[in-house]
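Residue numbers (my numbering): 12 to 166.
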């Protein structure tokens with residue numbers, strides 16, 4: 012009687028990226044988002060006249076709103092990058108981070124909906140997921156970072 016010596020091979024993708032690493036990447040991406048947003052908010056408070064008062068009263072000028080959107084964009088890019096970095100260049104962790112950010116911010120924006128114009132809420136919320144993924148795309152597998160090479164005009 013012939014016996015097969017076949018052994019089931021573990022899923023190499025699953026063994027390369029265990030669940031704990033994806034969870035750690037999501038948590039690190041979220042912590043990075045919070046830290047970057049907090050650090051970038053400090054100069055706004057320190058250098059922009061009346062910013063702190065506007066922040067507590069939710070009475071931002073157009074420039075302040077645009078600065079806050081830029082701050083959120085930078086935090087999303089950094090959070091996505093860190094999530095992909097910890098997940099070794101895999102974008103799945105950044106996708107989950109983008110979903111988590113939306114899940115955290117949609118209820119908050121619902122509560123303050125009347126304090127900001129609709130365009131502000133939509134710009135912030137709609138950009139969370141794609142900017143997080145874009146941040147992840149800056150990280151390549153194997154520890155490399157994607158660089159942008161400028162194209163020179165020969166004319």
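For glycine and all other residues, C-beta sits at the position ideal for the given N, C-alpha and C. All values reported here derive from a predicted model rather than from experimental measurement.
In terms of residues, what are the limits of the alpha helix (DSSP H) holding residue i?
i	result
residue 126	Here residue 126 belongs to no alpha helix (DSSP H), and DSSP marks it neither H nor E.
residue 39	30-58
residue 100	No alpha helix (DSSP H) contains residue 100, which DSSP labels as neither H nor E.
Given a cut-off of 8 Å on the beta-carbon distance, is the pair residue i and residue j in contact?
i	j	result
residue 71	residue 150	no
residue 67	residue 108	no
residue 146	residue 83	no
residue 94	residue 104	yes
residue 111	residue 41	yes
With DSSP as the reference, please indicate the residues paired to residue i in a beta bridge.
i	result
residue 76	Answer is none; residue 76 lacks a bridge partner.
Using 10 angstroms around the beta-carbon of residue i, count the other beta-carbons present and answer buried if the total reaches 16, otherwise exposed.
i	result
residue 115	exposed
residue 49	exposed
residue 44	buried
residue 74	exposed
residue 57	exposed
residue 47	buried
Given residue i, which residues of its chain have a CB within under 6 Å of its CB, disregarding the five upstream and five downstream residues?
i	result
residue 132	120
residue 118	none
Is residue i a contact residue of the ligand GDP, with contact defined as CB to any heavy atom under 7 Å?
i	result
residue 51	Among the components modelled here there is no ligand, and therefore nothing to report on the ligand GDP.
So, at 7 Å on beta carbons, what are the nonlocal neighbours of residue i in its own chain, with the 5 sequence-adjacent residues on each side left out?
i	result
residue 35	97
Please work out which residues of its chain come closer than 8 Å, Cβ to Cβ, to residue i, disregarding the five sequence neighbours upstream and downstream, and give them in chain order.
i	result
residue 59	75 and 78
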